[in-house]
Amino acid sequence: MNYGFVKVAAAVPQVKVADCFYNIQQIEGLMRQASQKEVQIIAFPELSVTSYTCMDLFSQETLLRNAEKALLDLVNNTADLDLLTIVGCPLVSGSQLINAAVAFQRGEILGVVPKSYLPSYKEFQEERWFTASSHLQQSMITIGNREVPLDCYLIFEYDEVRVGIEICEDLWVPIPPSSELAMQGANLIFNLSASNELIGKHAYLRSLICQQSARCIAGYVYASAGFGESSTDLVFAGNGIIAENGTLLRESERFSMEEQLVISEIDIQNLQNDRRINTSFMQGYLNHNMDNGTVVSFSLPNRTLDLTRAIDPHPFTPSGDALKERCEEIFHIQVAGLAKRVLHAHAQTAVVGISGGLDSTLALLVTVMTFDALKIPRDKIIGITMPGFGTTDRTYTNACDLIRSLGVTLREISIKEACIQHFKDIDHDIHVHDVTYENSQARERTQLLMDVANQENGLVIGTGDLSELALGWATYNGDHMSMYGVNGSIPKTLVKYLVEWVANNKVDEASRATLLDIVDTPISPELIPADEHGNIKQKTEDLVGPYELHDFFLYHFLRFGASPAKIYFLAKRAFGETYDDATLKKWLHTFFRRFFQQQFKRSCLPDGPKVGSISLSPRGDWRMPSDAMATLWLDEIAGL
1 MNYGFVKVAA
11 AVPQVKVADC
21 FYNIQQIEGL
31 MRQASQKEVQ
41 IIAFPELSVT
51 SYTCMDLFSQ
61 ETLLRNAEKA
71 LLDLVNNTAD
81 LDLLTIVGCP
91 LVSGSQLINA
101 AVAFQRGEIL
111 GVVPKSYLPS
121 YKEFQEERWF
131 TASSHLQQSM
141 ITIGNREVPL
151 DCYLIFEYDE
161 VRVGIEICED
171 LWVPIPPSSE
181 LAMQGANLIF
191 NLSASNELIG
201 KHAYLRSLIC
211 QQSARCIAGY
221 VYASAGFGES
231 STDLVFAGNG
241 IIAENGTLLR
251 ESERFSMEEQ
261 LVISEIDIQN
271 LQNDRRINTS
281 FMQGYLNHNM
291 DNGTVVSFSL
301 PNRTLDLTRA
311 IDPHPFTPSG
321 DALKERCEEI
331 FHIQVAGLAK
341 RVLHAHAQTA
351 VVGISGGLDS
361 TLALLVTVMT
371 FDALKIPRDK
381 IIGITMPGFG
391 TTDRTYTNAC
401 DLIRSLGVTL
411 REISIKEACI
421 QHFKDIDHDI
431 HVHDVTYENS
441 QARERTQLLM
451 DVANQENGLV
461 IGTGDLSELA
471 LGWATYNGDH
481 MSMYGVNGSI
491 PKTLVKYLVE
501 WVANNKVDEA
511 SRATLLDIVD
521 TPISPELIPA
531 DEHGNIKQKT
541 EDLVGPYELH
551 DFFLYHFLRF
561 GASPAKIYFL
571 AKRAFGETYD
581 DATLKKWLHT
591 FFRRFFQQQF
601 KRSCLPDGPK
611 VGSISLSPRG
621 DWRMPSDAMA
631 TLWLDEIAGL
């Protein structure tokens, strides 16, 4: 496999009712198109060899005999193709007729999966013709002169790819076969369907597929009958849907009168990683009594990976219709966490160090919202600006303007004289701008905040974000420390997004202008004196790399356990037009080097709420030894 990706397709052929040989020509054509597009596994709709809407013709020997002959012709005619193909066909087993899914590859039929649940209500009458899997009398079926497994729990296996199949109505029952298949190891489910259209049904169907893919931690490929099916009573829109672990990857155009091929890639590595860390998933297997299914081996075609699915360069930031709801939800989580801590500590104030940068701005906004929710006057919040050697007029002005515009109590305490005295005490040359020079300022600021909080019976609200924690871009026991960190699981790219969203939606014009200027200010700790023009000289992203890259690396490393090689591959796909390969490798090396080196800072984090799917809390999501070696990861990067 290519970094765990398997290219799959849901095919919707244009069929003719009961015209088996015409239908297999359409199926073969789509198979060949799919093979040219590097597809490895393809599925066609339910009963696609005959069409679904044959009705009582399914009781005719002529149709059934020719359906089997057409199926064998299709298998033989495509023996030169190596993609695993799944088609729907009525098959006779003894005295029983089966609504079947037939899997074949390279001219060989590998197995037959019978439909488990036959709808016989309202517009559906499948029990009139077919026998459900639970009533079958045989576990093998003969097609032509080939005897193959017949089982609703067949799993087609190649390496870590394990394919399970269910048919249409099977998905709609309380415990679908796909749930049991998933607990037996299937991580890629194909559904051969013939689902007619009704008002509102499509939205429900899409939700059902996404939910089942999430519940099973699996890829789910759904191919449903389309144009050409009988319209005597029903209309079929040709739904092809591909989902992965709750996310819709691709879907077909509904009501198209042309054949369609819906293609995407399923990331098997990501799915397997999620299953390994989700202990509840395995408990479901242990607590559910079932017979083990039959495993059938197949070979996955070796294809050049031409990734068609989009790779989001900013996986932490919301977009689209969910934007407003997602942003409000993030703030609600932060506010609820801080509110509980304020009440529990009987805090009379909250103390926030305001630098005029993004992180402290977000922390102040969260604190203001918290005090509003608790009906505590905003002037009980103390916003302290602490100018130092690197503070610029821009950040100083923005800090003061923001504090005033939000109705928060402003205090200004310069750290210059205290730091100068400290340098004298430890005999450090003030002209040597080294790590001691920088960290002394950060620790002086933290000391001031802590002492004011003690004076005022308050809490120091932490400002550091997830990206800084990942890179260790914080001074140990300086800005690294607080009494409650509201931003600890918010990555830098999301911090910027949230501040901008508040500016455009939640504040008056004065605050809006200040917030938008803060968003546009270069990210900097301002621990080195400004340049000769009074502008920020120390720019974080020049030193450690672009945060959009580090957040991308962090997401795929922690969320899916991806290797450096895979992260690099995905980054090229996501950022190929923005960064060249050398730049991506440079900052990927920086990320892993710093992530391992700086774990000791994360091992003693202050409390703070988990907001998204990723957190570095040593009490929760990330428990890593502080002295682990990064050699394996860095060597892999060196070999790219």
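In terms of the UniProt record's numbering, the sequence shown is residues 1 to 640.
Here a beta-carbon is modelled for each residue, glycine too, at the ideal position from N, C-alpha and C.
In this text, all values refer to a predicted model and were calculated from it rather than measured experimentally.
Quick one: give me the first and last residue of the beta strand (DSSP E) that V75 is part of.
Note, V75: premise wrong, no beta strand (DSSP E); alpha helix (DSSP H) at E61 to N77.
So S51 and N77 are in contact, right, with Cβ under 8 Å, and what is the actual spacing, rounded?
So it is not a contact: roughly 19 Å between Cβ atoms.
Which word fits H550, buried or exposed, when buried means at least 16 other C-beta atoms lie within 10 angstroms of its C-beta?
buried
With burial defined as no fewer than 16 other Cβ atoms inside 10 Å of the residue's Cβ, what is the status of A350: buried or exposed?
buried
Between H314 and the rest of its own chain, which residues show a CB-CB distance below 6 Å, the 5 nearest in sequence each way excluded?
T493
From residue 641 to C152, what does the alpha carbon distance come to, in whole angstroms?
The question about residue 641 has no answer, for the chain in this structure spans 1 to 640.
Reduced DSSP category for I263 - H, G, I as helix; E, B as strand; rest coil:
strand
To the nearest angstrom, how far is it from the Cα of C210 to the Cα of T578?
32 Å
Where S178 and D359 are concerned, what is the direct C-alpha to C-alpha distance, given to the nearest angstrom?
45 Å
Please list the segments of the beta strand (DSSP E) lying wholly inside the segment 84-160, counting only runs of 3 or more residues, in order along the chain.
84-93, 96-105, 108-114, 140-143, 146-149 and 155-158
Straight-line CA distance for I241 to I376?
50 Å
Compute the beta-carbon to beta-carbon distance between V17 and V49, rounded to the nearest angstrom, for a pair I have assumed lies under 8 Å.
The pair is not a contact, with the Cβ atoms about 12 Å apart (cut-off 8 Å).
To the nearest whole angstrom, what separates the beta carbons of D372 and Y484, a pair I think is in contact under 8 Å?
Between Y484 and D372 the Cβ distance is about 17 Å, and since that is not below 8 Å, they are no contact.
With contact counted as at least three CB pairs below 8 Å, one residue from each stretch, are the segment 51-64 and the segment 220-229 in contact?
yes
So is A11 buried or exposed if we call it buried at 16+ other beta carbons inside 10 Å?
buried
Can you tell which of Y396, H422 and R404 has the C-alpha that lies nearest to the C-alpha of I413?
Y396
Nearest-angstrom beta carbon gap, I415 and Q441 [assumed within contact, 8 Å]:
6 Å
Cα-Cα, which of S116, S482 and L83 is closest to E108?
L83
Could you tell me the boundaries of the beta strand (DSSP E) in which K7 lies?
F5 to V12
Every unbroken alpha helix (DSSP H) within the segment 388-449, with a cutoff of 4 residues, ordered by chain
393-405 and 416-425
Sub-8 Å separation of S35 and L81 beta-carbons:
yes
Output the boundary residues of the beta strand (DSSP E) element that contains L234.
Premise fails: L234 is in no beta strand (DSSP E) and is neither H nor E.
Cβ-Cβ distance between I354 and A399 below 8 Å
yes
Which of helix, strand or coil does DSSP assign to R254?
coil
Assuming V112 and L97 are in contact, meaning their beta carbons sit under 8 Å apart, how far apart are those beta carbons, in whole angstroms?
About 13 Å; that fails the 8 Å criterion.
Three-state class that DSSP yields for S297 in the structure shown:
strand
Is DSSP giving V351 helix, strand or coil here?
strand
Between the alpha carbons of P529 and D425, how many angstroms are there, rounded?
21 Å
Please classify N99 as buried or exposed, where buried requires at least 16 other C-beta atoms within 10 Å of its C-beta.
buried
Please report the straight-line C-alpha distance between A571 and E127, rounded to a whole angstrom.
51 Å
Where does N457 land, buried or exposed, given buried means 16+ other C-beta within 10 angstroms?
exposed
Option nearest R394 by Cα separation, candidates T361, V6 and N535
N535
Would you mind giving the Cβ-Cβ distance between R146 and I155, rounded to the nearest angstrom? I have them listed as a contact below 8 Å.
Actually they do not touch by this definition, with Cβ atoms about 20 Å apart.
Going by DSSP in three states, A32 sits in which element: helix, strand or coil?
Per the sequence shown, residue 32 should be read as Arg rather than Ala. Helix.
Can you give me the Cβ contacts of W129 inside the same chain, cut-off strictly under 7 Å, excluding the 5 residues immediately before and after it?
F58, S59 and L97
Compute the distance between the beta-carbons of G246 and A214, then report whether it is under 8 Å.
yes
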